[in-house]
Structures are given as C-alpha cells and as structure tokens.
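Student: Chains as they are written, first to last, in the numbering used here: chain A, 380 to 507; chain B, 380 to 507. Glycine included, C-beta positions come from ideal geometry on N, C-alpha and C. On a predicted model such as this, the values are computed, not experimentally measured, just so you know. Handing you a structure now.
Number of protein chains: 2
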Amino acid sequence: MDALTINEAAETTGWSPRMLRYVERVGLLEPTRSAAGYRLYGPAELQRLRTLRELLDEHAIGLSDLAFALRLRRDDELRQATDAWLESEAQRPDDVASSDWLRFEQEKHEKLLAALARRIETPTPETV
Amino acid sequence: MDALTINEAAETTGWSPRMLRYVERVGLLEPTRSAAGYRLYGPAELQRLRTLRELLDEHAIGLSDLAFALRLRRDDELRQATDAWLESEAQRPDDVASSDWLRFEQEKHEKLLAALARRIETPTPETV
DNA sequence: CAAACCTTGACACAACTCTGTCAAGGTCTC
DNA sequence: GAGACCTTGACAGAGTTGTGTCAAGGTTTG
C-alpha cells in the first residue's frame with residue numbers, strides 16, 4: 380500500500396511533522412490511521428498538502444483563515460449570518476481604492492512576504 | 380442630519396471608540412467623514428455595528444474571521460482557490476463526529492465563552 | 001478662548017497562532 | 001531486544017489580534 384508515515388510525508392510535502400499534526404488539529408486534513416494509530420498519508424493527502432502550502436503562500440493567508448472557510452461551509456447558520464452581514468454593507472466601491480483597510484492588508488502582505496523571504500534565505504537543512 | 384460621532388456611536392452600540400476605529404481598520408465598516416474628518420455613523424451603520432456584535436458573540440468568531448470572509452467575496456481568485464482546496468477533501472462525515480478538530484473547536488468556544496463571562500461579571504462602568 | 005469633542009500615532013498587555021523541541025512511552029523490524 | 005520509528009502532551013517563543021490608554025494636535029461651540 381502506498382501510504383507514507385508522518386516523517387516521510389513531511390519530507391515530500393515540505394511541511395514539518397509538527398505542522399502536519401497541527402494541520403490535522405485545526406481540522407484541515409485528517410490522515411487515516413494504521414491499526415496502531417500511526418498517521419498514514421496517501422497520494423491524495425500528499426497532493427492536498429502541497430496545494431495547501433501554495434494556497435497559503437500565494438494569497439498570504441493563514442491556516443486559521445482556511446479553517447474558518449471550512450467552518451463556513453459546514454455550518455449553514457454561520458454562513459447565512461455572515462453573508463447577511465456582509466451583504467448589508469453599502470459602500471461605494473470607488474472609496475475602497477484609497478481607504479484604510481487596503482493599507483492594512485498591504486502591510487500584512489509585506490510582513491508575510493518578509494517572513495517568507497526569511498524562510499528562503501535560511502536554506503532548509505534538507506537531507507544533508 | 381442624524382449621524383453620530385464616534386463616542387455617541389460607541390455609547391449606543393456597545394463598542395468602545397477604540398474598537399470602532401479598529402473595526403474600520405480591518406475593513407469591516409467604514410463610516411463617512413465630516414468635512415473636518417470626524418467619523419459619522421448613520422442609522423444603518425449603527426445597526427450593522429449591533430448586528431456585528433451579535434454575530435461575533437453567538438458564533439464565537441473574531442473580527443479577523445469576518446475580515447477574511449469579506450476578502451473571500453472581494454477576491455474571486457482567492458475564493459476559487461480556497462473552494463477548490465476545500466472541495467478536494469474526501470472525508471467521510473461520520474468520522475467528523477469523534478475527531479480531533481471538534482475538540483479543538485470546543486475548547487475555542489469554551490475559552491471565548493469564559494472571556495464573555497468575564498466581560499459580564501465586570502459590569503460595564505456605564506455612565507456612572 | 002476654553003472646554004469638550006475629534007484625529008492619528010504609539011506603547012502596552014493578554015490571548016491566540018504557528019512552530020520548534022523535548023519527554024515518556026508504544027510499535028516495528030531485524 | 002535494540003534502534004528507529006510513531007503517539008500524545010507540555011514548555012517555549014515569535015508574531016498577530018483585540019483592547020485600553022495616553023500624547024500632541026485640530027474643531028466646535030458656548
């Protein structure tokens with residue numbers, strides 16, 4: 380059977396074992412378990428993990444954001460409530476361009492990019 | 380004209396002035412401004428602010444969660460990417476009931492409820 | 001023009017997110 | 001049965017969110 384254990388999965392996806400457990404904890408990806416309780420990552424899981432990293436990096440979002448998106452699609456009432464609230468906004472979109480929250484978002488991106496840069500500078504020890 | 384300044388708005392909505400500025404900063408509600416730059420909250424804004432508090436309290440979510448939901452509906456590419464990722468999950472829903480992320484969510488709720496309780500115990504100074 | 005507002009910016013602090021690391025104890029394989 | 005894995009749980013530390021508070025300086029209005 381072609382399923383990897385946590386360290387192997389970490390190896391091929393770029394996540395650390397620690398983070399794989401964390402990703403599971405926040406409910407984003409739950410690997411199957413062996414009889415003895417070992418986590419087993421199949422090809423589909425591995426692919427999803429790689430995609431996950433891209434998704435987070437490219438849009439500068441966090442696991443908790445995605446966890447919330449997941450919650451939105453599982454909890455109907457929550458989704459309706461948030462949708463209703465967001466829809467009630469009557470902001471002229473012209474305003475948005477020059478407004479404050481844009482600066483806020485920009486700063487956030489800059490910080491995340493900086494963090495990313497740091498991650499790249501420090502060249503992962505790899506399998507030395 | 381029936382628009383309140385920030386302190387008045389704070390008074391009738393239960394938010395602090397500080398938080399009204401913060402809510403604005405994260406992009407959730409942007410009041411109009413007077414010629415001199417004073418924030419002006421109209422009836423619609425006031426109502427949205429009250430609804431906002433309910434929404435957050437009842438579902439134990441944060442402003443940042445809502446900010447993300449807003450981002451999802453403004454950024455098409457982001458929404459498609461997250462939707463795609465979330466849809467690719469093939470988890471039997473039966474598993475969910477006993478799984479780990481549920482405990483995680485529960486703890487989060489408990490903590491938020493505890494915080495809420497504290498907020499109630501400490502009876503708002505009000506206009507003493 | 002003084003009192004009572006408002007604005008932005010900064011410091012501060014608790015709680016949460018994201019990561020790493022280490023400990024105590026099962027599992028697997030030779 | 002020893003070495004290399006795995007599991008959960010805990011401590012730890014940097015960065016973000018959510019709040020309060022205070023300072024320096026405009027605005028409004030009696």
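Closer than 7 Å by beta-carbon distance: list the chain B residues that pair up with Trp480/A, in chain order.
Tutor: One-based indexing of the first sequence puts residue 480/A at position 101. Residues of chain B passing the Cβ test: Arg404, Val405, Gly406.
Student: Could you check whether the Cβ of Leu435/A sits closer than 7 Å to any Cβ belonging to chain B?
Tutor: For the purposes of this step, residue 435/A is identified with residue 56 of the first sequence, where counting begins at 1. So, not an interface residue.
Student: Between Thr503/A and chain B, is there a C-beta pair that is closer than 7 Å?
Tutor: One-based indexing of the first sequence puts residue 503/A at position 124. Because the pLDDT of Thr503/A is 44, which lies under 50, any placement of that residue in the model is unreliable, and the question is left without a value.
Student: Please tell me whether Ser467/B has its Cβ less than 7 Å away from any Cβ of chain A.
Tutor: Taking the second sequence and counting its residues from 1, one reaches residue 467/B at position 88. Yes, Ser467/B lies at the interface with chain A (some Cβ there is under 7 Å from its Cβ).
Student: What three-state label does DSSP hand Leu399/B in the structure shown?
Tutor: Stepping through the second sequence from its first residue, residue 399/B is reached at position 20. Helix.
Student: Between Arg427/B and Ser467/A, is the Cβ-Cβ spacing less than 7 Å?
Tutor: As a first step, residue 427/B must be located in the second sequence, where it is residue number 48. As a first step, residue 467/A must be located in the first sequence, where it is residue number 88. Against a cut-off of 7 Å, the Cβ pair of Ser467/A and Arg427/B comes out as a contact.
Student: Chain A beta carbons: is any one of them nearer than 7 Å to that of Arg427/B?
Tutor: Counted from its first residue, the second sequence places residue 427/B at position 48. Arg427/B counts as touching chain A.
Student: Using a beta-carbon distance below 7 Å, is Asp444/A in contact with chain B?
Tutor: Translated into positions along the first sequence, residue 444/A becomes position 65. Chain B, which has a Cβ nearer than 7 Å to the Cβ of Asp444/A, makes this yes.
Student: According to DSSP, which residues form a beta bridge with Arg450/B?
Tutor: As a working mapping, residue 450/B is identified with position 71 in the second sequence. Its beta-bridge partners do not exist; DSSP assigns none.
Student: Looking only at its chain, what residues have a beta carbon closer than 6 Å to the beta carbon of Thr411/A, apart from the 5 residues adjacent to it on each side?
Tutor: On the first sequence, position 32 is the one that residue 411/A refers to. Shown here for Thr411/A: same chain residues with a beta carbon closer than 6 Å to its own, the five before and five after excluded, namely Leu419 in chain order.
Student: Can you name, in chain order, every residue of its own chain whose Cβ lies under 6 Å from the Cβ of Ala415/A, other than the five neighbours on each side?
Tutor: For the purposes of this step, residue 415/A is taken as the residue at position 36 of the first sequence. If we look at Ala415/A and ignore the five residues flanking it on each side, it has no Cβ neighbours.
Student: Check Leu457/B in the structure and name its three-state DSSP category.
Tutor: Translated into the one-based positions of the second sequence, residue 457/B becomes position 78. Here Leu457/B sits in helix by DSSP.
Student: Helix, strand or coil, according to DSSP, for Leu445/A in the structure here?
Tutor: Residue mapping note: residue 445/A aligns to position 66 of the first sequence, counting from 1. Leu445/A: helix per DSSP, three-state reduction.
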